[in-house]
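Shown next, in structure tokens, is the structure this report addresses.
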Amino acid sequence: MNWDTVNRDFKRYLLLERGLAENSIVAYQNDVNKLQNYAELHELAIPQITTKELQNFLVWVNEFSISTYSQARLLSGIKTFFKFLQIEYDVEHNPAELLESPRITRKMPAVLSIEEIDQLIAAIDLSTPEGMRNKAILEVLYGCGLRVSELCNLKRSNLYLDVEFIKVEGKGNKERLIPIGQQAIQYLRIYMDEVRVHIPVKPDSEDFVFLNRRGSPLSRVMIFLIIKDLSAKIGLQKEISPHTFRHSFASHLVEGGADLRAVQDMLGHESITTTEIYTHIDKDYLQSVITQFHPRS
1 MNWDTVNRDF KRYLLLERGL AENSIVAYQN DVNKLQNYAE LHELAIPQIT
51 TKELQNFLVW VNEFSISTYS QARLLSGIKT FFKFLQIEYD VEHNPAELLE
101 SPRITRKMPA VLSIEEIDQL IAAIDLSTPE GMRNKAILEV LYGCGLRVSE
151 LCNLKRSNLY LDVEFIKVEG KGNKERLIPI GQQAIQYLRI YMDEVRVHIP
201 VKPDSEDFVF LNRRGSPLSR VMIFLIIKDL SAKIGLQKEI SPHTFRHSFA
251 SHLVEGGADL RAVQDMLGHE SITTTEIYTH IDKDYLQSVI TQFHPRS
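Quick note on numbering: the sequence shown equals residues 1 to 297 in UniProt numbering.
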């Protein structure tokens, strides 16, 4: 049982048996690579890795000052790996079975106010083709609550603007339909009709909505830089990312009285508990209103 063979089989298992997306597979492989580095450093073969060795491994990893969330994610990957060994290699004992994940305190996501979103979008220079594209990007990002990967992979063939819907491919290659508002539709059409038609599109990129000036799909990093530049332009003090627009989309819907199940469907959350965090944001908002305006506060 050598690492190269096991790693290859593990990747195949994640792809075919678990049906995971490429990003998730890479994350699991990175977890196992860390374990492999530790095992080779201590001259341990895979069958020699015990629960005690895994505990020592987690202590070793913690020396690199990784966050509690990263530790929990790493442990999840390691548990999946040993579960795979039980299934595919008939390994009797699972040394990861009794390991407990570190307790994670749920951190409230950063949320922009409607005024801050308006300021960011208003700061875009619409005199350039890139500015018209960026306007459409932010309108779609906030108007549909997309993950940045979903935005980068958005296809023209999945735009149903006449009926005000788009189809996106989320985590685990799961597709979902999301309503798209008139403002996002307006600027998306302007971009498609007046900017994108003049871009020399690279082969295999014809169906992607958002392209760079060379005709390739935009990367996640590029979206982040667009938002970072706009944030600096208006002097915004909050640390924001593309995901902040997704959080703001959900928070503003919940504040407005939207049904939590509907928000869950639009965000593509598997569990309603993930969506419920936005009810806590709403409670914080209500508390601040009481503190600010109630005469007995």
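Where is the CB? At the ideal position from N, CA and C, for every residue including glycine.
- DSSP places F81 within a helical segment (H, G or I) once states are collapsed to three.
- If you ignore the 5 residues before and after P179, its C-beta comes within less than 8 Å of the C-beta of C144, E164, F165 and M266, all in its own chain and listed in chain order.
- For the set Q36, E17 and A21, the Cα lying nearest the Cα of V6 is the one of Q36.
- In this structure, the straight-line span from the alpha carbon of Y28 to that of I78 is close to 8 Å.
- Ranking G170, S251 and F208 by CA distance to the CA of N23 puts G170 first.
- A buried status is given to L146, since no fewer than 16 other beta-carbon atoms sit within 10 Å of its beta-carbon.
- For I178, there is no enclosing alpha helix (DSSP H); the enclosing beta strand (DSSP E) has its first and last residue at E175 to P179.
- Note that the segment 131–143 touches the segment 184–199; at least 3 beta-carbon pairs, one per stretch, sit closer than 8 Å.
- Sequence-distant partners of A110 (beyond 5 residues in either direction) whose C-beta falls short of 7 Å from its own C-beta, in its chain, are K238, E239, I240, T244 and H247.
- Per DSSP, the beta-bridge partners of V168 are R176.
- Annotated as proximal: V148 and R220, with beta-carbon spacing under 7 Å.
- A distance of 7 Å or more separates the beta carbons of L225 and A123.
- With fewer than 16 other beta carbons inside 10 angstroms of its own, P200 counts as exposed.
- In the structure shown, L14 adopts helical secondary structure according to DSSP, grouped into three states.
- With fewer than 16 other CB atoms across the displayed protein chains lying within 10 angstroms of its CB, R213 is exposed.
- Residue environment: G19 is assigned as exposed (fewer than 16 neighbouring CB atoms within 10 Å of its CB, all protein chains considered).
- By the beta-carbon neighbour count (other beta carbons within 10 angstroms, threshold 16), N33 is exposed.
- The beta carbons of A21 and G172 sit about 6 Å from each other, so the pair counts as a contact at 8 Å.
- Counting every other CB atom within 10 Å of its CB across the protein chains shown gives F64 a total below 16, marking it as exposed.
- Beta-bridge pairing by DSSP links P217 to L211.
- Cβ-Cβ distances below 8 Å link Q55 to L99 in the same chain, with the five nearest sequence neighbours on each side left out; the list follows chain order.
- For a cut-off of 8 Å, the C-beta gap from K202 to G215 is around 4 Å, short enough to register as a contact.
- Taking the Cα positions, Y38 is about 36 Å away from N153.
- Distance from the CA atom of I121 to the CA atom of P242, rounded to whole angstroms, is 13 Å.
- Y187: member of the alpha helix (DSSP H) spanning Q182 to I190, first to last residue.
- In this structure, the beta-carbon distance from N94 to F81 does not fall below 7 Å.
- Relative to the Cα of S205, the nearest Cα in the group I117, A45 and S157 belongs to S157.
- Just measuring C-alpha positions, the residue of E194, E115, Q86 and R176 sitting nearest L126 is E194.
- The beta-carbon distance between V61 and L74, rounded to whole angstroms, is 7 Å. This is short enough to meet the 8 Å contact definition.
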